[in-house]
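Participant:
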């Protein structure tokens, strides 16, 4: 009953993005994902027969007992895709390339998280069928088998948690790098931060539905965005306060400020082309 409840929760999670999953599965030519579609159909049929008959017969079990390998292979493939996204982000050092890698992760991560959720749901369904089969064939082993299945489920959760945490750690580091460059590369830095927040939100949703402890809260997912804004706003306030101080000093010592202002204007004129060049770089994506 506990496993069936967990399956229902995953079903609710998948309902909002089920169309996206179907698009991914149809678009992928990889045999691993294609096999998962077949496993999905086989297990769904077995669950339907179980509901109608009230038990898992030898015939029903023979149809599904080999599907666990396919599900595990699909899960491993999805986790590898997440690891590849994390490694790509970690390799980038330039803020522009980092923004591109983070954007790519944001556009692809939900697809693979959805595949992971579906794999987990299928594994829970298979465990329900397996327990019913043990109940029917070897009742005295039911408690030990149920305990072993719980351990295996916990191990799968830990594996998913480690992989998704690695991705989030890389994106946190990328957001930190972008945060330091928010004044010189505001547009690109904001793109990195937004991508990081998007992925964090998707990971929080998956962690929540699977019951993985330690998932980020929505507030934590926005931390880097707030930090980047704080740095920018603080710098603007400092600049404004500096202008205000200069004006007060100018009112008190008008004669000396006229000369100082002339020299300052000359220096600003010398720097203007460099500033425009940097702005042009920002406008062209760094």
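In the UniProt record's numbering, the protein residues as written are 1 to 286. Every residue gets a Cβ at the ideal spot worked out from N, C-alpha and C, and that includes glycine. Treat the numbers as computed from the prediction; the structure is a model and nothing was measured.
1) Let's see if you can read the secondary structure: which residues bound the alpha helix (DSSP H) around residue 4?
2) Out of curiosity, what's the CA-to-CA distance linking residue 60 and residue 42?
3) Tell me which residues share the same chain as residue 132 and place their Cβ nearer than 8 Å to its Cβ, disregarding the 5 neighbours each side in the sequence.
4) Check whether the Cβ atoms of residue 13 and residue 209 sit closer than 8 Å, and answer yes or no.
5) What residues in its chain sit with their C-beta under 6 Å from that of residue 311, if we drop five residues either side in the sequence?
6) Under three-state DSSP, which class holds residue 211?
7) Can you tell me where the alpha helix (DSSP H) holding residue 125 begins and where it ends?
8) Taking all protein chains shown into account, decide if residue 198 is buried (16 or more other Cβ within 10 angstroms of its Cβ) or exposed.
9) List the whole-angstrom C-beta distance separating residue 10 from residue 120, where the pair is believed to meet the contact cut-off of C-beta under 8 Å.
10) Quick check: what's the CA-CA separation for residue 62 versus residue 69?
11) Among 171, 40, 34 and 193, whose alpha-carbon lies nearest the alpha-carbon of residue 125?
12) If you drop the 5 nearest sequence neighbours on each side, which residues of the same chain put their C-beta closer than 6 Å to that of residue 293?
13) Specify, as a first and last residue, the run of the alpha helix (DSSP H) that residue 81 falls within.
14) Work out the CA separation of residue 6 and residue 91 for me, nearest whole Å.
15) Please report how far the alpha carbon of residue 99 lies from the alpha carbon of residue 64, in whole angstroms.
16) Buried or exposed: which applies to residue 1, given that a residue is buried once 16 or more other Cβ atoms fall within 10 Å of its Cβ?
17) Please report the residue range of the alpha helix (DSSP H) in which residue 173 lies.
18) As a quick exercise: from 206, 115 and 58, pick the residue whose alpha carbon is nearest that of residue 36.
19) Which residues bound the alpha helix (DSSP H) around residue 60?
20) Can you name, in chain order, every residue of its own chain whose Cβ lies under 8 Å from the Cβ of residue 141, other than the five neighbours on each side?
21) Looking only at its chain, what residues have a beta carbon closer than 8 Å to the beta carbon of residue 73, apart from the 5 residues adjacent to it on each side?
22) Taking DSSP as the reference, what is the three-state secondary structure of residue 54?
23) To the nearest angstrom, how far is it from the Cα of residue 97 to the Cα of residue 183?
24) In three-state DSSP terms, what is residue 185?
Facilitator: On the basis of the coordinates in this document:
1) 2-15
2) 10 Å
3) 50, 55 and 56
4) yes
5) Summary: the structure shown does not reach residue 311, with the chain confined to residues 1 through 286, and so no result is reported for it.
6) Residue 211: coil per DSSP, three-state reduction.
7) 95-137
8) buried
9) 6 Å
10) Rounded to the nearest angstrom, the two C-alpha atoms are 14 Å apart.
11) 40
12) A query on residue 293 cannot be resolved here, the shown segment of the chain reaching from 1 to 286 and no further.
13) 67-91
14) 37 Å
15) 44 Å
16) exposed
17) 142-180
18) 115
19) 58-64
20) 134
21) Hits under 8 Å: 32 and 35.
22) coil
23) 18 Å
24) coil
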